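Peer 1: Shown below is the structure under consideration.
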Amino acid sequence: MKMVKRALAAGAASMLGATPAMAAWSDLNLRVGVTPLSREIYGLHMLILWICVAIAVAVFGVMIYSIATFRKSKGAVPASFDHSTTAEVLWTLIPVFILVAMAIPAARTLVRIDDSSGSDLTIKVTGYQWMWQYEYVGEDVSFFSKLAQASNEARQLGSGIDPATVPNYLLDVDRPLVVPQGTKVRVLITAADVIHAWWVPDFGMKKDAIPGYINELWFNAEKPGVYRGQCAELCGRDHGFMPIVVEVKVRKEFDAWLAAQKAAMQASNAPATKVAQAPPITDEQTTQRVANAE
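In this text, residue positions in the sequence shown follow the working numbering: the first is 4, and each later residue adds one.
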């Protein structure tokens with residue numbers, strides 16, 4: 004027993020000491036994220052994971068113990084019964100109890116995910132091959148977001164550019180989506196051609212963009228910063244080249260940005276200055292011109 008304890012202690016120490024390995028392992032897990040929903044989803048994920056681990060340990064522990072203890076070489080004999088009402092009741096009620104205990108927090112989280120009421124800002128997202136269009140509903144601001152030029156040049160065959168030298172290669176855009184910090188943002192998602200998917204891991208959310216149909220999600224980013232995502236639905240040849248970048252600004256900076264965007268949109272939509280036209284020629288002027296010509 005002491006040897007087992009020492010082995011476990013040594014294993015735990017080696018795992019704690021292997022910081023790079025643990026960091027690489029953590030990348031395989033869900034991100035905690037920067038929104039209340041992402042943290043709730045992460046907590047639910049870990050809860051279900053540890054329940055499954057506990058079930059696996061119990062089931063395989065009993066199996067291994069039974070195989071090792073009740074084997075023929077140790078004189079075990081077949082059981083003399085073929086039915087046990089108590090055992091059947093137990094192995095029915097215990098899984099039902101576990102499933103109900105798992106379903107309650109899962110249902111609560113699913114309800115919160117679909118509750119976009121009370122949002123302060125609504126943005127319509129339209130997927131195209133291969134870019135995104137963002138429309139700030141009620142604000143008269145709209146623009147397209149495409150792969151950044153540096154990444155687009157580096158991805159070309161024969162470009163001679165080392166992708167490792169390009170910051171955020173294939174994860175940068177020319178115009179990011181900008182939202183305010185600490186604001187519930189409702190996102191309406193659709194597509195103009197084929198099925199896409201709008202996915203930002205740090206928000207814990209992903210929704211398909213389907214032509215002729217509007218999906219919705221919401222998020223509330225609590226930390227300013229730049230958060231990156233990608234199209235998560237195979238949508239054609241350049242599927243891997245339509246990233247998503249969301250820039251979260253503090254409220255004052257967002258208001259200033261939005262005002263600047265509105266001014267730019269109004270300037271671009273203003274009618275061109277009309278060319279000055281000569282006054283119309285009167286009948287008397289026409290008669291005089293004919294007389295002079297004769």
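Cβ atoms here follow ideal geometry from the backbone N, Cα and C, with glycine treated the same way.
Quick caveat: nothing in here was measured; it's all calculated off a predicted structure.
Quick one: grab the DSSP three-state call for His-199.
Peer 2: By 1-based counting over the sequence shown, the position of residue 199 is 196. In the structure shown, His-199 sits in a strand (DSSP, three-state: E or B).
Peer 1: Are Ser-148 and Arg-178 touching if we call contact CB-CB under 8 Å?
Peer 2: Residue numbering aside, residue 148 sits at position 145 when the sequence shown is read from its first letter. Residue numbering aside, residue 178 sits at position 175 when the sequence shown is read from its first letter. Cβ atoms of Ser-148 and Arg-178: closer than 8 Å.
Peer 1: Taking the C-alpha atoms as reference points, what is the distance between Ser-76 and Glu-91?
Peer 2: Along the sequence shown, read from residue 1 onward, the residue named residue 76 stands at position 73. Along the sequence shown, read from residue 1 onward, the residue named residue 91 stands at position 88. Distance between the alpha carbons of Ser-76 and Glu-91 is about 29 Å.
Peer 1: For Tyr-131, list the residues DSSP reports as bridge partners.
Peer 2: Translated into positions along the sequence shown, residue 131 becomes position 128. Its beta-bridge partners are Met-134.
Peer 1: With a cut-off of 8 Å on the beta carbons, I'd call Ile-44 and Thr-112 a contact; round off their distance for me.
Peer 2: Taking the sequence shown and counting its residues from 1, one reaches residue 44 at position 41. Taking the sequence shown and counting its residues from 1, one reaches residue 112 at position 109. Rounded, the Cβ-Cβ distance is 6 Å, consistent with contact.
Peer 1: Any contact between the region 250-258 and the region 180-199? By contact I mean 3 or more CB pairs, one from each, below 8 Å.
Peer 2: The region 250-258, when compared against the region 180-199, does touch it at the 8 Å Cβ threshold.
Peer 1: Does chain D have any CB closer than 8 Å to the CB of Arg-111?
Peer 2: The structure shown contains no chain D, having only a single protein chain.
Peer 1: If distances are taken between C-alpha atoms only, which option among Arg-240, Gln-159, Phe-257, Asn-272 comes closest to Gln-132?
Peer 2: As a working mapping, residue 132 is identified with position 129 in the sequence shown. Checked all of Arg-240, Gln-159, Phe-257, Asn-272; the closest Cα to Gln-132 is Arg-240.
Peer 1: In angstroms with no decimal places, state the Cα-to-Cα distance between Gly-215 and Leu-96.
Peer 2: Here residue 215 corresponds to residue number 212 of the sequence shown, with the count starting at 1. Here residue 96 corresponds to residue number 93 of the sequence shown, with the count starting at 1. Gly-215 and Leu-96: Cα-Cα distance of roughly 45 Å.
Peer 1: Please classify Thr-276: is it buried, with 16 or more other beta-carbons within 10 angstroms of its beta-carbon, or exposed?
Peer 2: Along the sequence shown, read from residue 1 onward, the residue named residue 276 stands at position 273. In this prediction, Thr-276 has a pLDDT of 47, which is less than 50 and means its spatial position is unreliable; what the coordinates show is noted afterwards. When all chains shown are included, Thr-276 counts as exposed.
Peer 1: Please tell me whether Ala-167 and Ile-192 are closer than 8 Å, where the distance is taken between their beta carbons.
Peer 2: As a working mapping, residue 167 is identified with position 164 in the sequence shown. As a working mapping, residue 192 is identified with position 189 in the sequence shown. Taking 8 Å as the Cβ cut-off, Ala-167 and Ile-192 do not qualify as a contacting pair.
Peer 1: Cutting at 7 Å between CB atoms, please list the residues of its own chain near Ser-119, excluding the five before and the five after it.
Peer 2: Locating residue 119 in the sequence shown gives position 116, counting from the first residue. Here the set comprises Arg-189, Glu-219, Trp-221.
Peer 1: May I have the straight-line CA-CA distance separating Pro-39 from Val-114, to the nearest angstrom?
Peer 2: Counting from 1 along the sequence shown, the entry for residue 39 is found at position 36. Counting from 1 along the sequence shown, the entry for residue 114 is found at position 111. Straight-line Cα distance between these residues: approximately 14 Å.
Peer 1: Which residues in the same chain have their Cβ closer than 8 Å to the Cβ of Gly-185, if we skip the five residues on either side of it in sequence?
Peer 2: Counting from one through the sequence shown, the residue named residue 185 turns up at place 182. Here the set comprises Asn-223, Ala-224, Glu-225, Arg-254.
Peer 1: From what residue to what residue does the alpha helix (DSSP H) around Ile-70 run?
Peer 2: The sequence position of residue 70 within the sequence shown is 67, counting from 1. Here the alpha helix (DSSP H) through Ile-70 covers 39-72.
Peer 1: Please classify Met-18: is it buried, with 16 or more other beta-carbons within 10 angstroms of its beta-carbon, or exposed?
Peer 2: Taking the first residue of the sequence shown as position 1, residue 18 is located at position 15. Residue placement at Met-18 is poorly supported in this model, since its pLDDT is 43, which falls under 50; the coordinates still yield a value, given next. Exposed.
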